[in-house]
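Participant: Please see the structure below; I have some questions.
Right, here's the structure in full:
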C-alpha cells in the first residue's frame with residue numbers, strides 16, 4: 087500500500103499524462119460507444135409512455151396502471167444508479183458497463199414478449215435497473231479518460247445525444263411504429279411489442295463493441311496496475327483500443343507494480359460521501375439533480391396539459407409541445423458550448439434566474455402563443471443546464487468514490503423524476519394547473535440555492551481524495 091504522498095505523486099503523473107496525450111480516435115470511439123448506450127437509454131425511458139394508449143385499450147388498464155409503468159422504470163433506474171455507482175468503485179467501470187447493457191437487453195426482450203400487465207411491469211423494472219446504472223457510469227468513464235480542457239465538451243456532447251436527440255428519437259420511433267408501420271407489423275395489438283423489442287438489436291451491438299472499452303486508468307492506478315495503466319495510455323495516445331494493436335508501451339507512470347494506492351480503507355462506503363470536505367459537495371449534487379431531474383420530468387410530462395388549459399385542442403397541444411421540445415434540442419446543442427467555455431456555477435445561476443422568470447410568466451399569462459414561447463424557453467434552459475450538470479457531477483467527487491458519488495446523485499434525480507410528476511398530478515387534481523407552477527418554483531429555488539454552495543470545477547484536474555480539496559467556505563465566491 088502506497089503512502090498518501092506517493093499516491094498524490096502518482097495521480098499527478100496521471101493528470102500530466104492525460105494533458106500531454108492528444109485527443110485521438112480512440113477517445114472518440116469510446117465516446118460513441120458510451121453515447122450509443124445513452125441514446126437507447128432515453129428511448130427506453132419514454133417508449134412505455136408512448137405505448138400507453140395502445141396498452142390501455144388492449145388490456146383495459148386504468149390511467150394509474152399505465153403511468154405505473156413509467157414510474158416503475160424511473161424508480162428502478164434510481165436503484166440501478168445507486169447499486170452501479172457502489173459496485174463500479176469496487177469492481178471497476180468496464181465490468182459494470184457490460185452488466186448494465188445486458189440487463190436492459192434482457193428486460194427489453196421480456197417486455198416485447200410480455201403476455202400480461204404484471205410481466206410487462208417486471209420487465210420495466212429490469213430495464214430500469216440497467217438504464218439507471220448506464221447514466222452516471224457513462225459520464226464517469228468519459229471524465230476519467232480525457233484531459234480537463236475537453237472534459238466539458240465530451241460530457242455536454244453526451245448530454246446532447248441522450249437528452250436532446252434521444253427524446254426526439256423516442257417520439258419519432260413510436261410515431262413510426264405505432265403509426266404508418268402499425269398495420270404491416272400486425273396491427274396495434276402487435277406493433278407495441280416491436281416498439282419495446284426493436285431496441286434489442288442495437289443493444290446487442292453495443293454489448294459486442296463495448297468489449298473494446300478499456301478499464302479507466304484512474305481506477306487501475308488505484309489498484310496498483312501500473313503496467314496496464316501505461317499500456318492503456320500508450321494505446322489512447324496512438325489512437326488504438328485493442329491490446330493487440332502492437333503499440334509500444336511508454337512509461338507514463340513510474341511506480342512499483344502491484345502497490346495499491348492509499349486513499350483510505352479499501353472498502354468503499356456510502357458514509358464516505360459525508361466526511362469533512364465531501365459533505366457539502368454531496369448535498370449540492372443531490373439538490374441539483376433533484377431540482378433538475380424533477381423539474382424537467384414534471385414540465386415535460388405536463389406541457390400538453392398546459393396548452394390544453396390555454397384552450398387548445400389535444401392535437402394542437404401535442405404539436406405545440408413538440409415545438410417546445412425542439413427548442414430543448416437546440417438548448418442541448420448550446421449546452422455543449424456553455425459546458426466547454428463557461429464556468430459551471432455561472433451557467434447554473436443564469437439558468438436558474440431565467441427559469442424562475444419563465445415560471446412566473448407562464449403562471450400569469452393566458453395567451454397560447456406566449457405560453458408556447460415561454461415553454462420553448464424553459465425547455466431550452468433545462469437542456470442547456472443539463473449539459474453542464476452532467477459535467478459537474480463526476481468533477482465533484484474524488485476517484486475513490488466518484489462512481490458512487492455521481493451514482494447516488496443520479497439516484498436522487500431519478501427518484502425526483504418518478505415522484506415529481508405524481509406530485510404535480512395530485513396538485514392539478516386538487517388545485518388546478520396553476521399549482522404546478524408553484525411546485526416548479528420550489529424546485530427552481532432549490533436549484534439556485536444549491537448552485538451557490540458548490541465549488542467551481544471547470545478546467546480543474548479531477549481530485550483523488552479528500553486531502554486534495556479544501557472545504558468551500560464562501561458560497562458566493564469562485
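Numbering (this note's numbering), first residue to last: 87 to 564.
Don't be surprised by glycine CBs; every beta carbon is placed ideally from N, CA and C.
Taking the straight line between their C-alpha atoms, what separation do you get for residue 310 and residue 336?
Facilitator: In the chain shown, counting from the first residue as 1, residue 310 sits at position 224. In the chain shown, counting from the first residue as 1, residue 336 sits at position 250. Their backbone Cα atoms lie some 17 Å apart in a straight line.
Participant: Any chance you could list the alpha helix (DSSP H) runs of at least 4 consecutive residues sitting entirely within the stretch 494–544, in chain order?
Facilitator: Taken in chain order, the unbroken stretches of alpha helix (DSSP H) that lie wholly in the stretch 494–544 and span 4 residues or more are 520–539.
Participant: So, helix, strand or coil for residue 341, using DSSP?
Facilitator: Taking the chain shown and counting its residues from 1, one reaches residue 341 at position 255. Coil.
Participant: Assuming the contact rule is C-beta atoms closer than 8 Å, residue 121 and residue 287 should be a hit. Round their C-beta distance to whole Å, please.
Facilitator: Start at 1 with the first residue of the chain shown, and residue 121 comes out as number 35. Start at 1 with the first residue of the chain shown, and residue 287 comes out as number 201. Between residue 287 and residue 121 the Cβ distance is about 17 Å, and since that is not below 8 Å, they are no contact.
Participant: Could I get the ranges of all uninterrupted beta strand (DSSP E) runs contained in the stretch 202–234, with 3 residues as the minimum, in chain order?
Facilitator: none
Participant: According to the neighbour-count rule (16 or more other Cβ atoms, all chains shown, within 10 Å of its Cβ), is residue 480 buried or exposed?
Facilitator: Locating residue 480 in the chain shown gives position 394, where the first residue counts as 1. Buried, since its Cβ has 16 or more Cβ neighbours within 10 Å.
Participant: Assign residue 188 to one of three DSSP states: helix, strand, or coil.
Facilitator: Locating residue 188 in the chain shown gives position 102, where the first residue counts as 1. Looking at residue 188 - three-state DSSP - the assignment turns out to be helix.
Participant: Once you ignore the five residues that flank residue 202 on each side, which residues in its own chain have a CB closer than 8 Å to its CB?
Facilitator: Position 116 of the chain shown, counting from 1, holds the residue named residue 202. Excluding residues within five positions, the ones whose Cβ falls inside 8 Å are 145.
Participant: Flag this pair as touching only if the stretch 441–454 and the stretch 487–494 have three or more C-beta atom pairs under 8 Å; answer yes or no.
Facilitator: no
Participant: Among 374, 375, 452, 470, which one has its Cα closest to the Cα of residue 411?
Facilitator: What you label residue 411 is simply residue 325 of the chain shown in a count that begins at 1. Taking only the C-alpha atoms, the option nearest residue 411 is 470.
Participant: With distances taken between CB atoms, is the gap from residue 131 to residue 338 smaller than 8 Å?
Facilitator: Taking the first residue of the chain shown as position 1, residue 131 is located at position 45. Taking the first residue of the chain shown as position 1, residue 338 is located at position 252. No, the pair does not count as a contact, with Cβ atoms beyond the cut-off.
Participant: Quick one: give me the first and last residue of the alpha helix (DSSP H) that residue 293 is part of.
Facilitator: The residue given as residue 293 occupies position 207 in the chain shown. Here the alpha helix (DSSP H) through residue 293 covers 286–295.
Participant: Could you check how far apart the C-beta atoms of residue 324 and residue 315 are, in whole angstroms? I think they sit under 8 Å.
Facilitator: Position 238 of the chain shown, counted from the first residue, corresponds to residue 324. Position 229 of the chain shown, counted from the first residue, corresponds to residue 315. Between residue 315 and residue 324 the Cβ distance is about 15 Å, and since that is not below 8 Å, they are no contact.
Participant: Across the stretch 267–283 and the stretch 187–197, are there enough close Cβ pairs to call them in contact, namely three or more that are closer than 8 Å?
Facilitator: At 8 Å Cβ cutoff, the stretches touch.
Participant: Give me the Cα-Cα distance between residue 562 and residue 241, rounded to the nearest whole angstrom.
Facilitator: For the purposes of this step, residue 562 is taken as the residue at position 476 of the chain shown. For the purposes of this step, residue 241 is taken as the residue at position 155 of the chain shown. Annotation note: pLDDT 36 at residue 562 (below 50); position unreliable, no value reported.
Participant: Mark residue 269 as exposed unless 16 or more other C-beta atoms lie within 10 angstroms of its C-beta, in which case mark it buried.
Facilitator: In the chain shown, residue 269 corresponds to position 183, counting from 1. With fewer than 16 other Cβ atoms within 10 Å, it is exposed.
Participant: What are the boundary residues of the alpha helix (DSSP H) that residue 64 is part of?
Facilitator: Past the boundaries of the shown model lies residue 64; the chain is included only from 87 to 564, so the question cannot be answered.
Participant: Quick check on this structure: which residue in 128, 159, 238 has the alpha carbon closest to the alpha carbon of residue 474?
Facilitator: The sequence position of residue 474 within the chain shown is 388, counting from 1. Closest by alpha carbon: 238.
Participant: For residue 317, which residues of its own chain have a beta-carbon under 6 Å away from its beta-carbon, when the five flanking residues on both sides are left out?
Facilitator: The count along the chain shown starts at 1 and reaches residue 317 at position 231. Taken in chain order, the residues that qualify are 335.
Participant: Could you give the distance in angstroms between the alpha-carbon of residue 140 and the alpha-carbon of residue 274?
Facilitator: The sequence position of residue 140 within the chain shown is 54, counting from 1. The sequence position of residue 274 within the chain shown is 188, counting from 1. Rounded to the nearest whole angstrom, the C-alpha separation of residue 140 and residue 274 is 7 Å.
Participant: Would residue 253 and residue 216 be called neighbours here (beta carbons separated by less than 8 Å)?
Facilitator: By 1-based counting over the chain shown, the position of residue 253 is 167. By 1-based counting over the chain shown, the position of residue 216 is 130. No; because the gap between Cβ atoms is not below 8 Å, this pair is not in contact.
Participant: Taking all protein chains shown into account, do 16 or more other C-beta atoms lie within 10 angstroms of the C-beta of residue 367, making it buried, or fewer, making it exposed?
Facilitator: If you number the chain shown from 1, residue 367 lands on position 281. Buried, because 16 or more other Cβ atoms sit within 10 Å of the Cβ of residue 367.
Participant: Would you mind giving the Cβ-Cβ distance between residue 301 and residue 178, rounded to the nearest angstrom? I have them listed as a contact below 8 Å.
Facilitator: Residue numbering aside, residue 301 sits at position 215 when the chain shown is read from its first letter. Residue numbering aside, residue 178 sits at position 92 when the chain shown is read from its first letter. Sure, about 5 Å apart at Cβ, within 8 Å.
Participant: Find out if the Cβ-Cβ distance for the pair residue 545, residue 289 is shorter than 8 Å.
Facilitator: One-based indexing of the chain shown puts residue 545 at position 459. One-based indexing of the chain shown puts residue 289 at position 203. No.
Participant: Figure out for me which residue from 359, 154, 135, 118 has the closest Cα to the Cα of residue 257.
Facilitator: Working through the chain shown from its first residue, we reach residue 257 at position 171. Out of 359, 154, 135, 118, 135 has the C-alpha closest to the C-alpha of residue 257.
Participant: Let me make sure I understand the geometry here. Which of 219, 154, 437 has the alpha-carbon closest to that of residue 184?
Facilitator: Here residue 184 corresponds to residue number 98 of the chain shown, with the count starting at 1. Comparing Cα positions, the closest option is 219.
Participant: Assign residue 501 to buried or exposed, taking buried as 16 or more other Cβ atoms, counted over all protein chains shown, within 10 Å of its Cβ.
Facilitator: Position 415 of the chain shown holds residue 501. Burial is judged here by how many other beta carbons sit within 10 angstroms of a residue's own beta carbon; residue 501 has at least 16 and is buried.
Participant: Does residue 392 come out as helix, strand or coil in the three-state DSSP assignment?
Facilitator: Residue numbering aside, residue 392 sits at position 306 when the chain shown is read from its first letter. In the structure shown, residue 392 sits in a helix (DSSP, three-state: H, G or I).
Participant: In whole angstroms, what separates the C-alpha of residue 214 from that of residue 129?
Facilitator: Mapped onto the chain shown, residue 214 falls at position 128. Mapped onto the chain shown, residue 129 falls at position 43. Between residue 214 and residue 129, the C-alpha separation is close to 12 Å.
Participant: Look at the alpha carbon of residue 109 and the alpha carbon of residue 536, and state the distance between them as a whole number of angstroms.
Facilitator: If you number the chain shown from 1, residue 109 lands on position 23. If you number the chain shown from 1, residue 536 lands on position 450. Those two C-alpha atoms are separated by around 33 Å.
Participant: Beta-carbon separation of residue 162 and residue 232 under 8 Å?
Facilitator: The residue given as residue 162 occupies position 76 in the chain shown. The residue given as residue 232 occupies position 146 in the chain shown. Not a contact, by the Cβ cut-off of 8 Å.
Participant: Do you know how far the Cα of residue 138 is from the Cα of residue 450?
Facilitator: Within the chain shown, numbered from 1, the residue matching residue 450 stands at position 364. Within the chain shown, numbered from 1, the residue matching residue 138 stands at position 52. Linking residue 450 to residue 138 through their CA atoms gives a straight-line distance of about 32 Å.
Participant: Can you tell me the Cα-Cα spacing of residue 498 and residue 159, whole angstroms?
Facilitator: Counting from one through the chain shown, the residue named residue 498 turns up at place 412. Counting from one through the chain shown, the residue named residue 159 turns up at place 73. Each residue's CA atom was taken as its position, placing residue 498 and residue 159 some 14 Å apart.
Participant: If you reduce the DSSP assignment to three classes, tell me which class residue 95 lands in.
Facilitator: Sequence index remark: in the chain shown, residue 95 carries index 9 (1-based). Reduced to three states, the DSSP call for residue 95 is helix.
Participant: Please return the same chain residues whose Cβ sits closer than 6 Å to the Cβ of residue 127, not counting the five positions on each side in sequence.
Facilitator: Taking the first residue of the chain shown as 1, we reach residue 127 at position 41. Cβ within range, chain order: 217, 220.
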